């Protein structure tokens, strides 16, 4: 079976990439292929990269509080580009109260500080291989 | 000596027996930097160097002043700013009324990256992690009713630091305050942005040139301003160990000094205004030792490597912030305790100013209640614990002195490695420093996963139902209001004056002149931050990170 392909992305202007990089490495150690976008990506750039790299799933990381505007936009653009089958999850400094709204907008899981790497790996495996 | 060693050997035998009966909790004990720890430290572990070191004397291991907090306490300086200039101004006045002694301005990300609030990339970010400043008009509101000769102001601004400092100077002019009376700091530390914090704009070379322009301008015109705050804080937050934090910070500092000296500045003209910014993490004794080692290392670097003569050039004066990355979203009230202990390490380590984090910052910007507890934590340390009553109270502790020496040795080793590679910029360009930080961050997370590292409330001592505290929400309308303000400003100012001023900046940048005077003129003409940085982007280009994971 082909390895799961993941795009880890930093939407917006936030420069805190410790989480995105640690998760990227953990996913790679778990046998996945990981592409990291680097900082300051617009939702358009993220969706473009996801389609181009033919990924199964996108991980969005944001610690600046801009998640409510940026995360849903990625899902919308994926659909608009006919790539709605690519799943999206997110993480960062995200208040509990924002999570239901993000879930409703198509962010399938939101991982907040303190989440174990194992939990993220398990989620991706189940989500992608369960299709 | 012989006698002491014999006694220790004998004692060790007894210890082995005790261990056989009561095995130790862990296979090995070590600090966050991997320094192995003995069961106990004795006079035999004291580094030979100086048994009678005193504070305020070279190499300043024990402190930069003779009487430290017995004279004046550290500056209690809470980093704050959000939404509009108006709202942030109100928070500052509140903090000052609560006994805070200095201001620390947090700017939003568009401001930190030199973009106006109406730029497409600013969407969703305006006013989120700090205050949105598009022009001098916003800065005037930010400091309204705050006399700039009465406060000291720290501004966390790096790539566009020259513009924000110019705005501050212009506000001072309008308040009728002499620049010589201004006290404060701009972060202005671009090198750590490339490896840890991410708010870079231009490539390293022109960035270093602008930093040198600021050193030169301020040495002459704003003599009491700290022109840079060379920051290990964010390097540590990104995952570095205590040793790496000090090593990478000092490597960057060496690069700034080398660049300024190469540009023809005299080291003693600007070195007294260099300041530092460190993290206060959770390993209490390692942190205290780290601060002591950093002071000693810097004094030696400045005197030996750069031949600095002025005593003030040798002093490593630093701000400290408690470690944001140690705050947990789980059982957030526990963070009050973490912050208190981290803050204590900074005080025991001789910090000049301190920010204590708020308990809710793993979830959002802090609420007013949380900020008050954070400030009270400092006040309790200052006035109730007695920790501020004696200079360097842990000096002479066998353990602390030994740790200080070991951190110093390890930092020197790392600095030698960076020198071999050609200095900080080369080590950043090759990705060496980024890789070191990432390796430490990953190792830490793996230790948490295996419970080698316990985080209370996260991987042990958890509760099933977490209560959700009341969090600060930034009104999403801030972005739109800020865009309207900017549009209003642009329709009111004199377009020719703005265009002329921007052309002068372009010309100065192309010719390599000191950019401070033309930037100041542009700011006075109400050119926007995005316009000024836009011109510089055209001349200098933008930094393209090579992101490796």
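Residue numbers (the working numbering), protein chains in the order written: chain F, 1203 to 1333; chain V, 1031 to 1579.
Using N, Cα and C, we set each Cβ at its ideal position, and we do this for glycine too.
These figures come from a predicted structure and were not determined experimentally.
- Within the same chain, Cβ atoms closer than 6 Å to the Cβ of residue 1436(V) are found at 1065, the five residues on either side in sequence being excluded.
- By the criterion of a C-beta distance shorter than 6 Å, residue 1256(V) is surrounded in its chain by 1215, 1303, 1305, once the five residues flanking it on both sides are discounted.
- From the beta-carbon of residue 1310(V), no residue of chain F is found nearer than 9 Å; the closest lies around 18 Å away.
- Scanning its chain for C-beta atoms nearer than 7 Å, with the 5 sequence neighbours on each side dropped, one finds around residue 1103(V) the residues 1412, 1418, in chain order.
- Here residue 1041(V) is exposed, its C-beta having fewer than 16 other C-beta atoms within 10 Å.
- Residues are counted here when their Cβ sits less than 9 Å from a Cβ of chain F; for the segment 1435 to 1449 of chain V the count is zero.
- Cβ contact annotation for residue 1485(V) (same chain, cutoff 7 Å, sequence separation greater than five): 1358, 1478, in chain order.
- Annotation for residue 1434(V): 1319, 1322, 1323 place their beta carbon closer than 6 Å to its own, counting only its chain and skipping 5 residues before and after.
- The Cβ-Cβ distance between residue 1207(F) and residue 1277(F) does not fall below 8 Å.
- Residue 1113(V) is positioned such that its CB atom lies closer than 8 Å to that of residue 1505(V).
- Taking a C-beta cut-off of 9 Å against chain F, none of the residues of the segment 1324 to 1350 of chain V qualify.
- Collapsing the DSSP output to three states places residue 1209(V) in a helix.
- For the pair residue 1300(V) and residue 1249(V), the Cα-to-Cα distance works out to about 6 Å.
- Taking a C-beta distance under 8 Å as the contact criterion, residue 1260(V) and residue 1192(V) do not qualify as a contact pair.
- The beta carbon of residue 1253(V) sits no closer than 8 Å to any beta carbon of chain F.
- Just so you know, the alpha carbons of residue 1468(V) and residue 1220(F) end up roughly 7 Å apart.
- With respect to chain V, the C-beta atom of residue 1306(F) has no partner C-beta closer than 8 Å.
- Interface criterion met: the Cβ of residue 1158(V) is under 8 Å from a Cβ in chain F.
- A Cβ-Cβ separation of about 4 Å places residue 1350(V) in contact with residue 1381(V) under the 8 Å criterion.
- When Cβ pairs closer than 8 Å are counted between the two stretches, the segment 1337 to 1350 of chain V is seen to touch the segment 1087 to 1097 of chain V, the count reaching three or more.
- The Cβ-Cβ distance between residue 1221(V) and residue 1280(V) does not fall below 8 Å.
- Here the alpha carbons of residue 1217(V) and residue 1229(V) stand approximately 12 Å from one another.
- Proximity of the segment 1396 to 1407 of chain V to the segment 1047 to 1055 of chain V falls short of the contact definition, fewer than three beta-carbon pairs being nearer than 8 Å.
- When the beta-carbon positions are compared, residue 1118(V) and residue 1516(V) stay at least 8 Å from each other.
- Bounds of the beta strand (DSSP E) holding residue 1262(F) are 1259 to 1264.
- Of all alpha-carbon atoms in 1293(F), 1227(F), 1247(F), 1261(F), the one lying nearest the alpha-carbon of residue 1267(F) is that of 1293(F).
- Along the length of the segment 1323 to 1392 of chain V, whole beta strand (DSSP E) runs at least 3 residues long occupy 1348 to 1352, 1383 to 1385, reported in chain order.
- For residue 1291(F), the enclosing beta strand (DSSP E) has its first and last residue at 1289 to 1294.
- Beta-bridge pairing by DSSP links residue 1255(V) to 1214(V).
- Chain F places a beta carbon closer than 8 Å to that of residue 1358(V), counting this residue as a contact.
- Between the segment 1159 to 1176 of chain V and the segment 1125 to 1141 of chain V, the count of C-beta pairs closer than 8 Å reaches three or more; the two stretches touch.
- Within the segment 1399 to 1473 of chain V, the runs of alpha helix (DSSP H) at least 4 residues long that lie entirely inside it are, in chain order, 1428 to 1450, 1454 to 1459.
- Residue contact check for residue 1324(F) against chain V: no CB pair falls below 8 Å.
- Sixteen is the threshold: when 16 or more other Cβ atoms of the shown chains lie within 10 Å of the Cβ of residue 1390(V), as they do, the residue is buried.
- Note on geometry: alpha-carbon atoms of residue 1330(V) and residue 1341(V) lie some 12 Å from one another.
- Spatial neighbours of residue 1084(V) in its own chain (CB-CB distance under 7 Å, excluding positions within 5 residues in sequence) are listed in chain order as 1092.
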